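Protein chains: 2
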Amino acid sequence: MATIHDVAQDAGVSPTTVSRYLNNRIELPPSTAGRIDAAIAKLDYRPNLLAKRLSTGKTEAVGLVTPEIREPFFAELASAFEDEADRHGYTVFMSSTRSDREREIASLERLHDRHVDGLLMMTNTPDDGTLANLIGKRKNVVIVDEDIPGVSVPRLFVENTEGAYVATRHLIEAGHRRIAYLGGPHGLLTVTERREGFLMAMNEAGIAVRPEYVAMGSFAPELARIATRKFLELPLPPTAIFASSDYLAIGAVMGLKEAGVSVPDDISLIGFDDMPFGALLTPPLTAIRQPVEQLGRQGFQTLLALLNGEAPPLLTRLPVELIVRQSVGAPTQKDFIA
Amino acid sequence: MATIHDVAQDAGVSPTTVSRYLNNRIELPPSTAGRIDAAIAKLDYRPNLLAKRLSTGKTEAVGLVTPEIREPFFAELASAFEDEADRHGYTVFMSSTRSDREREIASLERLHDRHVDGLLMMTNTPDDGTLANLIGKRKNVVIVDEDIPGVSVPRLFVENTEGAYVATRHLIEAGHRRIAYLGGPHGLLTVTERREGFLMAMNEAGIAVRPEYVAMGSFAPELARIATRKFLELPLPPTAIFASSDYLAIGAVMGLKEAGVSVPDDISLIGFDDMPFGALLTPPLTAIRQPVEQLGRQGFQTLLALLNGEAPPLLTRLPVELIVRQSVGAPTQKDFIA
DNA sequence: TCCGGTTACGAAACCGCTTTACTAAAGCGT
DNA sequence: ACGCTTTAGTAAAGCGGTTTCGTAACCGGA
Numbered sequence: 095m096a097t098i099h100d101v102a103q104d105a106g107v108s109p110t111t112v113s114r115y116l117n118n119r120i121e122l123p124p125s126t127a128g129r130i131d132a133a134i135a136k137l138d139y140r141p142n143l144l145a146k147r148l149s150t151g152k153t154e155a156v157g158l159v160t161p162e163i164r165e166p167f168f169a170e171l172a173s174a175f176e177d178e179a180d181r182h183g184y185t186v187f188m189s190s191t192r193s194d195r196e197r198e199i200a201s202l203e204r205l206h207d208r209h210v211d212g213l214l215m216m217t218n219t220p221d222d223g224t225l226a227n228l229i230g231k232r233k234n235v236v237i238v239d240e241d242i243p244g245v246s247v248p249r250l251f252v253e254n255t256e257g258a259y260v261a262t263r264h265l266i267e268a269g270h271r272r273i274a275y276l277g278g279p280h281g282l283l284t285v286t287e288r289r290e291g292f293l294m295a296m297n298e299a300g301i302a303v304r305p306e307y308v309a310m311g312s313f314a315p316e317l318a319r320i321a322t323r324k325f326l327e328l329p330l331p332p333t334a335i336f337a338s339s340d341y342l343a344i345g346a347v348m349g350l351k352e353a354g355v356s357v358p359d360d361i362s363l364i365g366f367d368d369m370p371f372g373a374l375l376t377p378p379l380t381a382i383r384q385p386v387e388q389l390g391r392q393g394f395q396t397l398l399a400l401l402n403g404e405a406p407p408l409l410t411r412l413p414v415e416l417i418v419r420q421s422v423g424a425p426t427q428k429d430f431i432a
Numbered sequence: 095m096a097t098i099h100d101v102a103q104d105a106g107v108s109p110t111t112v113s114r115y116l117n118n119r120i121e122l123p124p125s126t127a128g129r130i131d132a133a134i135a136k137l138d139y140r141p142n143l144l145a146k147r148l149s150t151g152k153t154e155a156v157g158l159v160t161p162e163i164r165e166p167f168f169a170e171l172a173s174a175f176e177d178e179a180d181r182h183g184y185t186v187f188m189s190s191t192r193s194d195r196e197r198e199i200a201s202l203e204r205l206h207d208r209h210v211d212g213l214l215m216m217t218n219t220p221d222d223g224t225l226a227n228l229i230g231k232r233k234n235v236v237i238v239d240e241d242i243p244g245v246s247v248p249r250l251f252v253e254n255t256e257g258a259y260v261a262t263r264h265l266i267e268a269g270h271r272r273i274a275y276l277g278g279p280h281g282l283l284t285v286t287e288r289r290e291g292f293l294m295a296m297n298e299a300g301i302a303v304r305p306e307y308v309a310m311g312s313f314a315p316e317l318a319r320i321a322t323r324k325f326l327e328l329p330l331p332p333t334a335i336f337a338s339s340d341y342l343a344i345g346a347v348m349g350l351k352e353a354g355v356s357v358p359d360d361i362s363l364i365g366f367d368d369m370p371f372g373a374l375l376t377p378p379l380t381a382i383r384q385p386v387e388q389l390g391r392q393g394f395q396t397l398l399a400l401l402n403g404e405a406p407p408l409l410t411r412l413p414v415e416l417i418v419r420q421s422v423g424a425p426t427q428k429d430f431i432a
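As given, the protein sequences belong to chains A and B, one line each in that order.
Note that the working numbering has the first sequence beginning at 95, numbered continuously upward.
Note that the working numbering has the second sequence beginning at 95, numbered continuously upward.
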C-alpha cells in the first residue's frame with residue numbers, strides 16, 4: 095500500500111507538503127497540486143487512518159452500547175444513531191452487551207483505550223454503582239433511554255410518566271375502572287416513572303389501585319403471560335391491562351389467547367413502545383409510541399455537542415404519543431354485572 | 095494518560111521490556127515482573143490500541159455490513175456474529191448501509207483503510223459489478239446470505255432451493271393444488287433459488303404453475319398485500335400462498351385480513367425466514383426457518399479462518415427447517431367446487 | 001542594488017507501541 | 001581464572017501520519 099512518502103516522492107515534494115495539502119492547511123500552486131493529485135491517483139493512495147488517529151488523537155468514531163441489538167427497540171435506535179453519525183462523518187462502533195455487566199464495562203474501557211471519541215450508553219439492568227463509577231471517570235458519554243444514577247452526564251429520556259398517564263387515561267376514558275398493570279424490573283427509571291404515571295391517572299380518577307392487579311419484576315413476555323393468566327383467575331378480573339412495554343403486551347396477548355379471552359371485546363390492552371410488531375398483532379395494539387428514531391439522532395447530536403466542547407443540556411425529555419389502534423374498547427356489560 | 099514509557103520509568107526498566115512482558119515475549123524474574131505490574135496498577139496504564147495497531151498492522155477488529163440493522167433478520171445475525179467475535183477477542187464494526195450502494199462501497203473502503211482486518215458482507219440489492227469489482231481487490235471478505243456474483247471469496251448461504259421445495263411440498267401434501275407464489279426482486283440469489291424450489295415441487299407433483307398466481311419484484315410487504323388482493327379477485331383464486339419471505343407473508347396477511355379471508359380456513363399461508371414476529375401473527379405463521387444465529391456465528395468463523403491464513407470452503411450451505419404452526423390447513427370444500 | 005515581505009516548501013520531532021539486533025553481567029564447568 | 005552460555009535486559013528503527021519551526025527563492029519598491 096502506498097504511503098504519504100510514496101506520494102511525496104512521486105510528486106517531487108515532501109510528505110509534509112502532501113499532508114498539509116490533503117488537510118487544506120496550505121494553498122499550493124496549481125502545478126504542484128496537480129502533481130500531488132496525479133501521484134495519489136496513480137498510486138491509489140489512501141491515508142492510513144490508524145496513523146492519522148495516533149497522530150491527531152481524534153478517531154472520528156463513536157461507540158454505541160446497547161443491551162441487545164436483536165431487540166427492535168435498540169436496533170431501530172442504533173440504525174438512526176448510525177445514520178446521523180454517518181451524516182457527520184463519524185463511524186460507529188456498536189456493541190451488544192447482552193445485559194452482561196462485564197461486557198458493559200468492556201465497552202466503556204474501549205472508550206478509555208481511545209478506540210472512540212465518545213459513546214452513547216444504554217443499559218437495562220439496574221446499576222450497583224459500577225457503571226456510574228466508570229462513567230464518572232470518562233468524558234464524552236451520553237446516557238439514553240434508561241438512567242444510570244449518580245453520574246452527571248447528558249441524558250436523553252422519553253416522557254415516561256406522561257406516557258403512562260396518557261395510556262391510563264385512555265383506558266379510564268373508555269370506561270374502565272378495573273385496570274391491571276404489568277411493570278418491568280424494579281430499580282429502573284423507566285419502570286418507576288411509568289408506574290408513577292399509571293398511579294397518577296388512577297388517583298386523579300379516584301380509582302383505588304388493587305395490589306392484585308399489579309405485576310412487576312421483568313420485561314420478559316413469559317412473566318407477563320403468567321401474570322395475565324393470574325389476573326384472569328381473580329374472582330373479579332380486570333377489564334383492561336396496561337402493559338408498560340410492548341414485550342409485556344406480547345406476553346399478555348399470549349396469556350389472553352390461551353385463556354380464550356378476546357381483545358378488546360372481553361378485555362382491553364394497551365402497550366408502551368409501539369414497536370413495529372404491535373401493528374401485526376390481532377387486534378393491532380393500541381400503544382404509547384416512543385420516538386425511537388429521534389432518540390437515536392438526538393443521542394448522536396448530544397454526543398457531538400459534547401465532542402465539540404459545547405455543553406448540551408444535562409437532561410432532555412422527548413415526548414411520547416398515543417397511537418390508537420384496536421386493542422382498547424369499552425368494558426362489556428358482563429363486567430359491570432360482575 | 096500513562097504511556098508505556100511512564101510505566102517503564104516507574105518500574106525502572108525500558109519500554110521494550112514492558113512491551114515484551116505484556117505481550118508474553120519474554121520471561122522476567124518475579125521481582126521485575128512485580129515492579130512492572132505495580133507500575134501498571136499504580137498508573138492505571140492501558141495500552142493505546144491505535145499505536146499498537148499501527149505498529150503491528152493488525153486491528154483485531156472486523157466489520158459487519160448489513161443492509162439494515164433494523165430488520166430482525168440482520169439484527170439477529172449481527173448479534174450472533176458479534177457474540178462470536180467477542181468470544182475470539184475481536185471487536186466488530188457494524189454498519190447499516192440502508193441498501194445504499196454508496197454506503198456499501200464506503201464500508202468496503204473502510205477495510206482498505208485498515209480499520210478492520212476483514213469483513214462480512216451482506217447486501218440485498220443486485221450488484222451491477224461495482225461491489226464485485228471492489229471485493230475482488232480486497233482480502234478477507236466473506237459473503238453471507240445473498241450472493242455478489244463474480245468474485246471468489248467464501249460464501250455462506252442457506253438451502254434456499256431445498257427450503258422452498260419443502261414449503262411447497264407441505265402445501266401440496268395438505269391437499270393444495272392452486273398455489274400462489276410471492277417472490278422478491280429479480281436478480282437476487284435467494285429469490286432465484288427459492289423460486290426454483292417452488293417450481294421443482296410443483297413440477298414433481300405434476301401441477302402446472304399459473305402465471306397469474308405468481309407475483310415477483312420486491313420484498314416490500316405493501317406489494318405483497320396488493321398482489322394478494324389481486325390473487326383473491328381472480329375468477330379462480332388460489333387456496334394457498336407461499337410467501338418466499340416473512341415480510342411478504344406480513345403483506346399477505348394484511349391483504350387477506352382486509353378482504354375478510356381467514357387463514358387457514360379460507361386460504362393457507364406459508365412463509366420463509368421464521369422471524370420472531372411470525373409466531374405473533376394470527377394465526378401463528380407456518381414457515382421455513384433459516385438458521386440465522388448459525389449464519390452469524392459461522393460467518394465469523396469463516397472470516398477468522400481467512401484471517402488465520404487458512405482456506406475455508408468457498409461455499410457453505412446451511413440447512414433450513416420447516417416450522418409447522420397454524421397457518422396451513424386443507425383446502426376447503428368450496429374450493430373444490432370452484 | 002539592497003531590503004523586507006511573500007510564496008512555496010522542507011527537516012525533524014512526535015503520537016505510543018513493537019521488534020530486531022545487540023550487550024552487560026551473572027553463572028558454570030574445567 | 002578463563003571462555004562459554006544464559007539471563008536480563010536495552011537502544012534504536014520503524015509503523016504512517018501531523019505539526020512546529022524554519023528557510024530558500026523570488027519579487028517589488030526605494
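Note that beta-carbon positions come from the ideal geometry of N, C-alpha and C, so glycine has one too.
Being a predicted model, the structure only gives us computed values, none of them experimental.
Can you confirm whether E327/A, when its beta carbon is compared against all beta carbons of chain B, has any partner nearer than 7 Å?
no
For G300/A, the nearest candidate out of R319/A, A314/A, I273/A (CA to CA):
I273/A
T410/B by DSSP, collapsed to three states: which one?
strand
Residue ranges of each beta strand (DSSP E) within the stretch 260-339 of chain A, 3 or longer:
273-276, 334-337
Find the residues of chain A that neighbour F371/B, judging by a C-beta separation of less than 7 Å, and give them in chain order.
F371, L374
Note down, in chain order, each residue of its chain lying with its Cβ closer than 7 Å to the Cβ of F167/A, except the 5 sequence neighbours on either side.
D367, M369, V386
Can you tell which of A127/A, D131/A, F187/A has its C-alpha closest to the C-alpha of T153/A?
F187/A
Cβ neighbour criterion (16 or more within 10 Å) applied to R147/A
buried
7 Å CB neighbourhood of L401/A in its chain, flanking five on each side removed
D211, G212, N234
Output, in chain order, the set of chain B residues within a Cβ distance shorter than 7 Å of S421/A.
Here the premise fails: no neighbours, minimum Cβ distance about 13 Å.
Members of the stretch 117-134 of chain A that neighbour chain B once the beta carbon cut-off is set at 8 Å:
none
Among A133/A, D194/A, I344/A, the one whose alpha carbon lies nearest that of T219/A
D194/A
What in chain A is Cβ-close to R383/B, meaning under 7 Å?
Here the premise fails: no neighbours, minimum Cβ distance about 16 Å.
Run through chain A and tell me which residues come within less than 7 Å of E170/B, C-beta to C-beta.
R164
Here's a check: name, in chain order, each residue in its chain whose Cβ is nearer than 7 Å to the Cβ of Y184/A, leaving out the five neighbours to either side.
E154, A155, V156
Burial state of T380/A, where buried means 16 or more other Cβ atoms lie within 10 Å
buried
Using only CA atoms, which one of G393/A, P413/A, I417/A, R419/A lies nearest to E407/A?
In the sequence as presented, Glu is not what sits at residue 407/A; that position holds Pro. Out of G393/A, P413/A, I417/A, R419/A, G393/A has the C-alpha closest to the C-alpha of P407/A.
Identity of the residues DSSP links to R195/A by a beta bridge
The partner list for R195/A (beta bridge, DSSP) is empty, contrary to what the question assumes.
Are the beta-carbon atoms of V247/B and I237/B separated by less than 7 Å?
yes
Return the CA-CA distance between I134/B and L363/A, expressed in angstroms with no decimal places.
57 Å
Identify the residues that DSSP records as bridge partners of G212/A: which are they?
V156/A
Spatially closest choice to M215/B from K136/B, R288/B, V422/B, L397/B, by CA coordinates
L397/B
Using a beta-carbon distance below 7 Å, is H280/A in contact with chain B?
no
Could you give the uninterrupted runs of the alpha helix (DSSP H) lying entirely in the stretch 220-244 of chain A, keeping only those of 4 residues or more?
224-231
Alpha helix (DSSP H) segments (min. 4 residues) lying fully within the stretch 115-165 of chain B:
124-137, 143-150
So E415/A is in the beta strand (DSSP E); what residue range does that whole segment cover?
415-417
State the DSSP-derived secondary structure class of D177/B, mapped to helix, strand or coil.
helix
Against chain A, does L148/B count as a neighbour if the rule is that its beta carbon must be under 7 Å from one of theirs?
yes
Helix, strand or coil: how does DSSP classify T111/B here?
helix
Measuring CB to CB, does Y259/A end up less than 7 Å from G291/A?
yes
Using a threshold of 7 Å, state whether the C-beta atoms of A309/B and A295/B are closer than that.
no
Answer with yes or no whether the minimum CB distance from H99/A to chain B is below 7 Å.
no
Counting only Cβ pairs nearer than 9 Å, list the residues of chain B close to L464/A.
Only positions 95 to 432 of chain A appear in this structure, which leaves residue 464/A out of reach.
Assuming contact is defined by CB atoms lying nearer than 7 Å, are I98/B and V107/B in contact in what I supplied?
no
Coarse secondary structure for L375/B, derived from DSSP in three states
coil
For chain A, check one thing: does any of its Cβ atoms lie closer than 7 Å to the Cβ of M188/B?
yes
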